[in-house]
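Please read the structure below before turning to the comments.
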Amino acid sequence: MVSYKELGLVNTRAMFAKAVKGGYAIPAFNFNNMEQLQAIIKASAETKSPVILQISKGARNYANQTLLRYMAEGAVQYAKELGWRRPQIVLHLDHGDSYELCKNCIQMGFSSVMIDGSSLPYDENVALTKKVVRYAHRYDVTVEAELGVLAGVEDEVSAEESHYTKPEEVIDFVTKTGCDSLAISIGTSHGAYKFKPEQCTRDPKTGKLVPPPLAFDVLKQIEKKLPGFPIVLHGSSSVPQEYVDIINTHGGKLPDAVGIPEEQLRKAAKSAVCKINIDSDSRLAMTAAVRKVFVEKPGEFDPRKYLGPARDEMVKLYKHKIINVLGSDGKAK
Ligand SMILES: [Zn+2]
Numbered sequence: 002m003v004s005y006k007e008l009g010l011v012n013t014r015a016m017f018a019k020a021v022k023g024g025y026a027i028p029a030f031n032f033n034n035m036e037q038l039q040a041i042i043k044a045s046a047e048t049k050s051p052v053i054l055q056i057s058k059g060a061r062n063y064a065n066q067t068l069l070r071y072m073a074e075g076a077v078q079y080a081k082e083l084g085w086r087r088p089q090i091v092l093h094l095d096h097g098d099s100y101e102l103c104k105n106c107i108q109m110g111f112s113s114v115m116i117d118g119s120s121l122p123y124d125e126n127v128a129l130t131k132k133v134v135r136y137a138h139r140y141d142v143t144v145e146a147e148l149g150v151l152a153g154v155e156d157e158v159s160a161e162e163s164h165y166t167k168p169e170e171v172i173d174f175v176t177k178t179g180c181d182s183l184a185i186s187i188g189t190s191h192g193a194y195k196f197k198p199e200q201c202t203r204d205p206k207t208g209k210l211v212p213p214p215l216a217f218d219v220l221k222q223i224e225k226k227l228p229g230f231p232i233v234l235h236g237s238s239s240v241p242q243e244y245v246d247i248i249n250t251h252g253g254k255l256p257d258a259v260g261i262p263e264e265q266l267r268k269a270a271k272s273a274v275c276k277i278n279i280d281s282d283s284r285l286a287m288t289a290a291v292r293k294v295f296v297e298k299p300g301e302f303d304p305r306k307y308l309g310p311a312r313d314e315m316v317k318l319y320k321h322k323i324i325n326v327l328g329s330d331g332k333a334k
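Numbering (the numbering used here), first residue to last: 2 to 334.
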């Protein structure tokens with residue numbers, strides 16, 4: 002058993018309480034490899050923003066769970082080297098799908114886990130979440146749960162249709178499970194194709210797809226039922242058109258990729274939403290930068306020469322999210 006506290010990590014409790022009060026949100030960025038992790042830490046250290054490093058089940062399978070855990074430990078030291086004296090870094094399991102997986106991560110030094118029972122019948126979701134919370138709280142590890150279903154595909158998580166969280170269920174769920182934060186469904190969605198073209202309207206000037214707005218009325222009702230309780234938004238990439246364009250003009254093919262407009266996320270960050278998950282945008286930034294090098298310098302075969310620019314692009318993206326969308330800069334000095 003390794004405690005996250007020995008690794009210099011923190012759980013989400015104080016961080017979320019501060020964010021809800023302060024009207025901003027903490028970025029939760031997924032990582033699968035060294036360049037992504039370096040970019041996340043560099044952007045967070047340079048902006049002094051608290052940050053949640055997320056590892057999905059898919060990332061564990063891809064990169065090896067032990068290696069990822071040690072990378073996160075290294076990330077704390079790297080942050081200090083960059084001059085961030087008291088880094089506030091959470092190591093979080095994204096979409097944990099079983100009690101055993103959550104337990105395993107907690108024993109390996111994760112400071113926060115998500116148990117996603119949202120596809121289960123309500124009572125089973127309550128029972129599973131409660132079991133994970135009971136174990137996690139013994140080690141002061143915080144637990145994120147989910148109610149409602151998000152559409153889209155993310156690693157092993159996928160659903161055809163979204164079902165908004167039912168505000169009438171949230172008090173009962175949070176009371177019975179004792180979870181520390183709640184992921185809700187109000188129209189965000191996993192992946193780079195968050196909406197089908199028929200769900201969107203087209204901007205007559207640009208011909209680009211305009212997605213339907215988030216269900217802020219549902220969010221408001223949930224906030225009323227659970228005043229001050231930390232709310233989480235998954236699937237909150239914006240799918241920047243400039244990256245999609247670079248990819249498509251450099252041999253890629255991402256027709257009609259569409260995300261959540263940043264002004265909607267800015268509005269959400271000011272509410273009880275205190276954790277916003279962003280994964281696809283970093284994948285797009287990385288892919289755009291790599292494709293550009295491959296087209297412009299076909300003779301290049303040193304991975305540092307294309308992963309380096311990809312890393313620089315991700316730092317730019319993460320800083321933009323922290324400063325201009327979530328407002329978490331300067332909150333972990
Ligand atoms: Zn998710």
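Heads up, the beta-carbon is just placed ideally off N, CA and C, and yes, glycines get one too.
Taking 9 Å as the cut-off, the Cβ atoms of N12 and V134 do not count as close.
Burial state of S120 is exposed, judged by a 10 Å Cβ sphere holding fewer than 16 other Cβ atoms. A residue is called buried when at least 16 other Cβ atoms come within 10 angstroms of its Cβ; G331 does not meet this threshold and is exposed. In the same chain as S237, and ignoring 5 residues on each side of it, the C-beta atoms closer than 7 Å to its own belong to T189, I261, L266, I277, N278, I279, in chain order. For A184, the shortest separation between its Cβ and any heavy atom of ligand 1 lies below 8 Å.
Rounded to whole angstroms, the gap between the alpha carbons of A64 and E301 is 25 Å.
In the structure shown, Y165 adopts coil according to DSSP, grouped into three states. In the structure shown, D95 falls within a strand segment according to DSSP collapsed to helix, strand and coil. With a cutoff of 8 Å, G236 counts as near ligand 1, since its C-beta is closer than that to a heavy atom of the ligand. Proximity of the beta carbon of L151 to ligand 1 is indicated: a heavy atom of the ligand is located closer than 8 Å. Sorting I116, I42, V259 by C-alpha distance to the C-alpha of P213 places V259 at the top. Straight-line measurement puts the Cα of L151 at about 7 Å from the Cα of E162.
Runs of the alpha helix (DSSP H) lying entirely within the region 80-137 and spanning at least 4 residues, in chain order: 100-109. Nearest C-alpha to D282 among F295, D204, P88, H235: H235. Burial check for R70: the Cβ neighbour count within 10 Å reaches 16 or more, so the residue is buried. Residue pairing by DSSP places P28 opposite I277 in a beta bridge.
The beta carbon of D204 lies closer than 7 Å to those of V211 in the same chain, with the five residues before and after it left out. Checking the 8 Å criterion, the Cβ of N65 is out of range of every heavy atom belonging to ligand 1. A direct Cα-Cα distance of roughly 20 Å separates I116 from P168.
Annotation for H191 indicates a beta carbon within 8 Å of some heavy atom of ligand 1. K131 places its beta carbon 9 Å or farther from that of G97.
Using a Cβ-Cβ distance cut-off of 8 Å, the region 29-40 and the region 97-107 are not in contact, since fewer than three pairs of beta carbons, one from each stretch, lie closer than that value. Put simply, the backbone Cα of A289 is about 35 Å away from that of T143. One alpha carbon belongs to R14, the other to T202, and they sit about 40 Å apart. At a Cβ-Cβ threshold of 9 Å, A286 and E314 count as neighbours. Annotation for S45: the continuous alpha helix (DSSP H) segment containing it runs 35-48. Looking only at T166, R305, S99, the smallest Cα-Cα distance to S57 is reached by S99.
Separation of the CB atoms of A76 and L94 is rounded to 16 Å, and the pair is thereby denied contact status at 8 Å.
When only Cα atoms are considered, E170 and E224 end up about 13 Å apart. Look at the region 172-228 and you find these whole runs of beta strand (DSSP E), each 3 residues long or longer: 182-185. Distances from the CB of D218 to the heavy atoms of ligand 1 are all 8 Å or more.
Note: E147 is bridge-paired with A184 in the DSSP secondary-structure output. A128 is the residue among A128, N62, V291, R139 whose C-alpha sits nearest the C-alpha of E147.
Residues of the same chain with a CB within less than 6 Å of the CB of N33, apart from the 5 flanking positions on each side, are A60, Y63, A64 in chain order.
In the DSSP assignment, I56 falls within the beta strand (DSSP E) that extends over 52-57. Restricting attention to A46, V291, G110, the CA atom closest to the CA of M72 is found in G110.
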